[in-house]
Structures are given as C-alpha cells and as structure tokens.
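Numbering (this note's numbering), first residue to last: 33 to 267.
We put the beta carbon where it would ideally sit given N, CA and C, even for glycine.
Note that the structure is predicted; figures quoted are calculated from it, not measured.
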C-alpha cells in the first residue's frame, strides 16, 4: 500500500511541474484524492457493496468536483491534472500511465447494461474538455486534443483533434506530452485552402472581364476576405 501511494505521488511530480513538495501534493491535488477514493469505492463495488460504493463516489465528487463511477477500472500511475469537471463512466477501462486534464468526459452512448464506455490504452493523454463517447478503444500512446469529441476508435500512437475527432497524426510510438498549441487544425486548413482557391478564381475572372471590357461589379466582401486569408496565413 505504501509503495502504491509513493508511486502515485511520483506520478503527480512527473505530470505537473507546479508540484513543489510532498505535503503540497498530499493536501492540494484533488485529482490524487479522487483516485485514492475511487480505489476504495471500486473495492466496495467489486464486493457487491454497491450502495456504499456509490455513496463514497458521490461524496468524493462533492469534495473534488471529479466524478468517477466505482465500477470503472483504472490502471496504475493514472493522473488527473486540475480535475474539475472530469466524468468517468461505469464501464470505462483505463490503462497505465494515462494523463487527463480538467473537463474530460469518458461517457456512454447507450442505455444497455453492458459495455458502453471507452477503453483507454496505456500512455494516453487526453486534453482539456475532450469528450470520448461509447464503447470504443483509444490505442496506446494516443493523444486527444483539447475540446475534441471522439466517437470512433483511435489507433495506437494517433493524435486526434476536432468535432467529431479526426486523426491528424499517426506515428505508432508512445507519447508523454500533449502540445495543445502545436496541434494541427484540419477545419482551419480546409477553410484556408478554399479561401485561397476562391481568390485565384476571382483573379482569373477579373482578367477575363478586363480583356472583354466588362466593368467588374463592386464587391464589399473582397477586403474582408483578404483580411481573413491574411489571418490564416499568420497561424
């Protein structure tokens, strides 16, 4: 038991550079408190003390703002950074060395009593506000960007962003960091491509009109489009 607690504390130091002392970690990290309480609640749940397990889970939610159903299975070195608003459903399975941030939801999409929540592999990082729904698998070493909504399986080592979540990178090796500011934006890329294409078409049309002696109509949107394109090019 003491070795497991020490391992949890080391996990916090590894996952959060703001941690400065063991006493601070023991007293000021609700993510750690929620995980410890879940272990007790899960033990009660497995021994069919279901109401007691739910009551403990409910009290933990009140004090930590983290809701972990006692039926969820969680591996070692699991760390919830900041934690507020995290929801983990009953049939969720989480592997080892998983890091999730505040506002993450591992939820279900079905009313059946069977497996209806995600299975998260090892070395997975799930960014702030991300939602993973349904009985899908998130592969080892995967990264899920902030605010993403994932409803389809994620391959090992893939990076997923967007709503719905799309794989934007797949390199098949474990990851430990999620550089939120450097994640690609497939929607922005498409908009940028379409705006550039529209600009080229307008330039061709202007040349044809000039050659035919046609007076081009006044277009109030041209300047606005140029400003938007310039903004995208700066990203």
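Going by beta-carbon coordinates alone, are residue i and residue j separated by less than 8 Å?
i	j	result
residue 127	residue 169	no
residue 41	residue 67	no
residue 191	residue 200	yes
residue 193	residue 177	yes
residue 151	residue 133	no
residue 69	residue 77	no
residue 179	residue 149	no
Which residue's Cα is closest to the Cα of residue i: the options?
i	options	result
residue 102	123, 238 and 111	123
residue 117	162, 224, 71 and 186	162
residue 100	71, 80, 83 and 84	71
residue 256	243, 227, 238 and 232	227
residue 92	62, 187 and 45	62
residue 172	160, 185 and 87	185
residue 46	111, 197 and 234	111
In whole angstroms, what separates the C-alpha of residue i from that of residue j?
i	j	result
residue 167	residue 106	16 Å
residue 207	residue 125	Because the pLDDT at residue 207 is just 46, under 50, the model does not fix this residue reliably, and the point stays unresolved.
residue 114	residue 97	10 Å
residue 204	residue 175	A caution first: residue 204 carries a pLDDT of 49, below 50, which makes its placement in the model unreliable, though a value can still be read off. The straight-line gap from Cα to Cα measures roughly 11 Å.
residue 43	residue 130	10 Å
residue 90	residue 48	26 Å
residue 109	residue 147	24 Å
residue 87	residue 104	15 Å
residue 95	residue 64	12 Å
residue 145	residue 183	19 Å
residue 243	residue 232	17 Å
residue 60	residue 34	19 Å
residue 195	residue 158	14 Å
residue 73	residue 156	24 Å
residue 229	residue 223	10 Å
residue 75	residue 81	9 Å
residue 235	residue 135	46 Å
residue 38	residue 188	29 Å
residue 238	residue 198	38 Å
residue 119	residue 79	23 Å
Counting only beta-carbon separations shorter than 8 Å, does residue i have a partner in chain C?
i	result
residue 123	Absent from the structure: chain C. Only one protein chain is present.
State the beta-bridge partners of residue i as determined by DSSP.
i	result
residue 168	Paired residue(s): none; residue 168 is not in a bridge.
residue 39	According to DSSP, which records beta bridges pairwise, residue 39 is partnered with nothing at all.
residue 259	BP columns for residue 259 are empty, so no partner.
residue 151	125 and 169
residue 159	BP columns for residue 159 are empty, so no partner.
residue 138	120 and 164
residue 181	163
residue 59	Its beta-bridge partners do not exist; DSSP assigns none.
residue 112	132
Using only the heavy atoms of the ligand SAM, determine whether one of them is closer than 7 Å to the beta carbon of residue i.
i	result
residue 184	Judged by which ligands are present, the structure shown has none, so any question about the ligand SAM falls away.
Meets three-Cβ-pair contact criterion under 8 Å: the stretch 49-61 and the stretch 136-143: When C-beta atoms of the stretch 49-61 are compared with those of the stretch 136-143, fewer than three pairs fall below 8 Å, so the two segments do not count as touching.
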